[in-house]
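Just so you know, the sequences run in chain order A and B. Going by this note's numbering, 107 is the number at position 63 of the first sequence; the sequence numbering is gapless. Going by this note's numbering, 158 is the number at position 172 of the second sequence; the sequence numbering is gapless.
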Amino acid sequence: MRTRYAREVAVVAFAQSDHQRRTDELSEVEMVMPVLHQVLAATGLKAGEIGFTCSGSSDYLAGRAFSFTMTLDGVGAWPPISESHVETDGAWALYEAWVKIQTGEADTALVYSYGKSSPGSVRDVLTRQLDPYYLAPLWPDSVALAALQAQALIDAGETDEQALAAIGARSRTAAGSNPHAQLSGPVPQGGYQVRPLRTGDCPPIGDGAAAVVLAAGDTARRLCERPAWITGIDHRIEAHGLGLRDLTDSLSTRTAAEHAGLFDAPVDTAELHAPFSSQEVVLRKALGLGDAVAVNPSGGALAANPMMAAGLIRIGEAAARIHRGESRRAVAHATSGPCLQQNLVAVLEGDPS
Amino acid sequence: MTAASPPEVLRAPLVVEFPFTRSLGPVQSAFLTGLREGVVLGVRTSDGRVMVPPAEYDPVTAEEIRELVEVAPTGTVTTWAWNGEPRPQQPLGTPFAWVLVRLDGADTAILHALDAPGPDAVSTGMRVRVRWAAERTGAITDIACFEPCEGRERGSARPHDGVFADPVTGIVAEARLDYTYSPGRAQTAYINALSERRTVGERCPSCHKVYVPPRGACPTCGVATTDRVEVGPAGTVTTFCIVNIKARNLDIEVPYVYAHIALDGAGLALHGRIGGIPYDQVRMGLRVEPVWTDGGRYPDHYRPTGEPDADYDAYKELL
């Protein structure tokens, strides 16, 4: 294996909830806890044995400040544990945990993230992450911004509405084998949400959670038969102003992929966080993925897109394929912000068989 | 002790509303003041391109940029999306197109709404012009929207000193989001029981501590608390403080006592006000019971039961 970093770190376990449109009967901790128990059980570790815990979530989804404290009870936070939180997708929480293990301050990490979109209107909620001077006062919602990107791709001749529909259909067919998916099987393409994007081009809105256990070196080998080694991980951001960017490309994704060593060898699997069908077109190009690569065999974000967890789920799904021996080398991608503004790329590899 | 009954979910509207007051830097101030005066300004980036809307730092080099220029109120659509069902607070109430527009003289595009009769009237490359709002205050909404126009691209960016009388130096960004809050299974049971003037907690199946109010999980063991337990109604003052400053909108005479109260059977203390006893006679170990007022959704305060004080050893773990 490559020795790009100070320590070998692997994903040794992954769990996720059954993603649903609403979970009114569950508080955040009640939704997260079964997933935490499942991922710990897979490793045989107890909550108190974890070296570092990091979570991802968003106050704006919950409509309250310090909302991450609502789930801390679920990780057994008394007596005090080594804990941190990111106010974004759990993929970035995983990055922080990976850094913590690289520093040698922990050998294992529990990473989890969750989002309940059902209490609010997520399209409106997400407008509050935009530039407050020029964008937020106009309330352009997440579908509208993705639709501007989709039209730019169509104008550039990189896709058309039929090809976009095929991406949605392929994703939801693939999700037929994913019991956690919110949408699977034949789903009508539906009418325009914001033209050119139809319902089938947009992600379902739902509640869900995911958790991953990371471990270093021999600890990983002890906890997992086939660890999914993180041989590269990097994340990049680009200008916030949509009118400054070439929306048909994702330079930040490509740069992150270069630094993660993606292009050093071929991959067989790609789990891409593309909430909109058009964004898969952009990501495939940025990552140089050919037809031989299995893209989103889990169904991807078009089948289940729990906010703040969908990116971590991409890493978990890619790792799980390595755990099951279905993949040798996989790429996982997570995104945050409008039109793929921030992107994280992780390369995962199994031990040579 | 009873097993948890099937969830009967409570719901309540939750409105989060805040007027974010934001100050503007020199470039944003000039841009928004310009809009108020019917002038569109941009800024020249380190490599000579004209950025509209302008930022104060170069997006590529991160250098400070301050060279203002004026661009035309006409431009070209670089991409668009037809919004058939406008959402509340968006610029137009009738169906419209979202557009990115590169104004004549600019090298980057600005996001706004385009008023057009339908999607067939919109295309990338079409010519548009600013429709100014009737009343302008120095905000991005001073551009009411764009509207289609004829004519070829005209003009290049001209130098502008960015100086206006009475410049806008800040904006108020109103933000209101509407939620429907559901407290989940454990807290629903707690609130429902309070409506019957009962207090219920939940016991950890692992360490057997009883949490009041229950949040559904034991923070020590990290497992679900599912065994519902009725606690109280009486309890013991574990610690307290004397409040001497009157809070606004609070109809309680000072000084009064605010205390931690360990209800009988509970594994941790709740907090509440102590009444029915002079403030300087409240003490650790005092036995108290809740006093409900008509229509109250939780105890108004706690008053002495008249029992002998509890032994320190009986509540020292609950301090």
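Even glycine gets a Cβ: it sits at the ideal position worked out from N, Cα and C. Treat the numbers as computed from the prediction; the structure is a model and nothing was measured.
- The beta carbons of PRO240/A and ILE198/A sit about 6 Å from each other, so the pair counts as a contact at 8 Å.
- Residues of the same chain with a CB within less than 8 Å of the CB of ALA200/A, apart from the 5 flanking positions on each side, are THR292 in chain order.
- Contacts with chain A (Cβ-Cβ distance below 9 Å) from the stretch 233 to 258 of chain B involve no residue at all.
- Neighbours of THR166/B in chain A, taken as residues at a C-beta separation under 9 Å, are given in chain order as ASP68, SER162, PRO163 and GLY164.
- Between GLU74/A and ILE94/A, the alpha-carbon positions lie close to 21 Å from each other.
- Only those residues of the stretch 61 to 72 of chain B whose C-beta falls short of 7 Å from the nearest C-beta of chain A are listed: THR65, TRP66, ALA67, TRP68, ASN69 and GLY70.
- Within 8 Å of the CB of GLN195/A, the CB atoms of chain B belong to THR65, TRP66, ALA67 and THR110, in sequence order along the chain.
- Minimum Cα-Cα distance from ILE129/B among the listed residues PHE17/B, ARG52/B and ARG30/B corresponds to PHE17/B.
- Sequence-distant partners of VAL240/B (beyond 5 residues in either direction) whose C-beta falls short of 8 Å from its own C-beta, in its chain, are VAL229, ASN230, ILE231 and LYS232.
- When beta bridges are read from the DSSP output, ILE277/A appears opposite ALA390/A.
- Contact between the stretch 98 to 118 of chain B and the stretch 56 to 72 of chain B is established, with three or more Cβ pairs separated by less than 8 Å.
- The C-beta of GLU74/A comes closer than 8 Å to at least one C-beta of chain B.
- Contact between the stretch 156 to 171 of chain B and the stretch 162 to 175 of chain A is established, with three or more Cβ pairs separated by less than 8 Å.
- With a threshold of 16 other beta carbon atoms within 10 Å, TYR178/A meets it and is buried.
- Within the stretch 172 to 183 of chain A, ARG172, PRO176, TYR177, TYR178, LEU179, ALA180, PRO181, LEU182 and TRP183 place their CB atoms closer than 8 Å to a CB of chain B, listed in sequence order.
- For ALA48/B, no CB of chain A lies under 8 Å from its own CB, so it is not counted at the interface with that chain.
- In the DSSP assignment, LYS160/A forms a beta bridge with ASP251/A.
- At a C-beta separation below 7 Å, ALA283/A has these neighbours in chain B: PRO45.
- With contacts defined by Cβ atoms closer than 8 Å, ALA137/A and SER99/A form a contacting pair.
- Contact between the stretch 253 to 271 of chain A and the stretch 286 to 304 of chain A is absent: fewer than 3 CB-CB pairs across the two stretches fall below 8 Å.
- Assigned with DSSP and collapsed to three states, ILE51/B falls in coil, not helix or strand.
- Checking the DSSP bridge columns, you'll see MET37/B partnered with VAL29/B.
- Taking 8 Å as the cut-off, the Cβ atoms of VAL238/A and ALA301/A do not count as close.
- Spanning the alpha carbons of GLN14/B and ARG8/B requires a straight line of approximately 11 Å.
- In the DSSP secondary-structure assignment, VAL116/B is bridged to PHE132/B.
- When the beta-carbon positions are compared, HIS317/A and ALA347/A stay at least 8 Å from each other.
- Counting only runs that start and end inside the stretch 183 to 227 of chain B, the beta strand (DSSP E) elements of at least 3 residues fall at 185 to 189 and 213 to 217.
- The Cβ atoms of GLY88/A and VAL256/A lie no closer than 8 Å to each other.
- For ILE145/A, the enclosing alpha helix (DSSP H) covers residues 134 to 146.
- In the DSSP assignment, HIS287/B is bridged to VAL277/B.
- Burial state of CYS190/B is buried, judged by a 10 Å Cβ sphere holding 16 or more other Cβ atoms.
- With fewer than 16 other CB atoms across the displayed protein chains lying within 10 angstroms of its CB, ARG51/A is exposed.
- Nearest to THR80/B by alpha-carbon distance, out of LEU97/B, ASP101/B, LEU89/B and VAL87/B, is ASP101/B.
- VAL116/B is outside the set of residues whose beta carbon lies under 8 Å from a beta carbon in chain A.
- Neighbours of MET77/A in chain B, taken as residues whose beta carbon is under 9 Å from its own, are GLY202, ALA203, GLY208, VAL209 and ALA210 in chain order.
- Taking one beta carbon from each stretch, the stretch 100 to 107 of chain A and the stretch 133 to 149 of chain A have 3 or more pairs nearer than 8 Å; the two touch.
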